[in-house]
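Asker: Just so you know, we're using the numbering used here here: the sequence shown kicks off at 175 and counts up by one.
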Amino acid sequence: MLNKAEEGNLYGLQMLDDLQDHFRDLGYRPTKSEVYKSLHDLLNDGLIVRHPIHKQGTEMQTLYIYRIGDQEKVKAYKDTIKFEIDRSISLLNRALQDNYSRKRQ
Numbered sequence: 175m176l177n178k179a180e181e182g183n184l185y186g187l188q189m190l191d192d193l194q195d196h197f198r199d200l201g202y203r204p205t206k207s208e209v210y211k212s213l214h215d216l217l218n219d220g221l222i223v224r225h226p227i228h229k230q231g232t233e234m235q236t237l238y239i240y241r242i243g244d245q246e247k248v249k250a251y252k253d254t255i256k257f258e259i260d261r262s263i264s265l266l267n268r269a270l271q272d273n274y275s276r277k278r279q
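1. Under the rule that 16 or more other beta-carbon atoms within 10 Å means buried, what is Ala269, buried or exposed?
2. Could you check what DSSP says for Leu190 in three-state terms: helix, strand or coil?
3. Helix, strand or coil: how does DSSP classify Thr287 here?
4. So, does the stretch 248 to 258 touch the stretch 197 to 209, judging by three or more C-beta pairs under 8 Å?
5. With distances taken Cα to Cα, identify the nearest neighbour of Asn177 among Met234, Leu187, Gln235 and Arg241.
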């Protein structure tokens, strides 16, 4: 989600479409509620900000685009996530080794 916010000027449904395309080959299809929950969590943590824009061609429709908020917070958050991902990969590799590396008897 942060990568999408860094690209700038995307609103929630655009992010949803992009993420669904990005993960299609892995069989993962994020839902609208997952995307908006993530956006609201990042917004509440101060990592992203949202800006209202008025959609052209309509009188009353307002869209919100998401952009990076505090750059230092984003860097610290990404470092934490990278550490957790590396740890998770190590745990999964250990589970694969423990359960599937021995020859079946």
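Quick reminder that beta carbons are idealized off the backbone N, C-alpha and C, glycines included. Bear in mind the structure is a predicted one, so any value in this text is a computation, not a measurement.
Answerer: Put simply:
1. Within the sequence shown, numbered from 1, the residue matching residue 269 stands at position 95. So Ala269 counts as exposed.
2. Here residue 190 is taken as the residue at index 16 of the sequence shown, counted from 1. DSSP places Leu190 in helix when its eight states are reduced to three.
3. Only positions 175 to 279 of the chain appear in the structure, and residue 287 is not among them; the question remains open.
4. no
5. Indexing the sequence shown from 1 puts residue 177 at position 3. Of the listed residues, the one whose Cα sits closest to Asn177 is Arg241.
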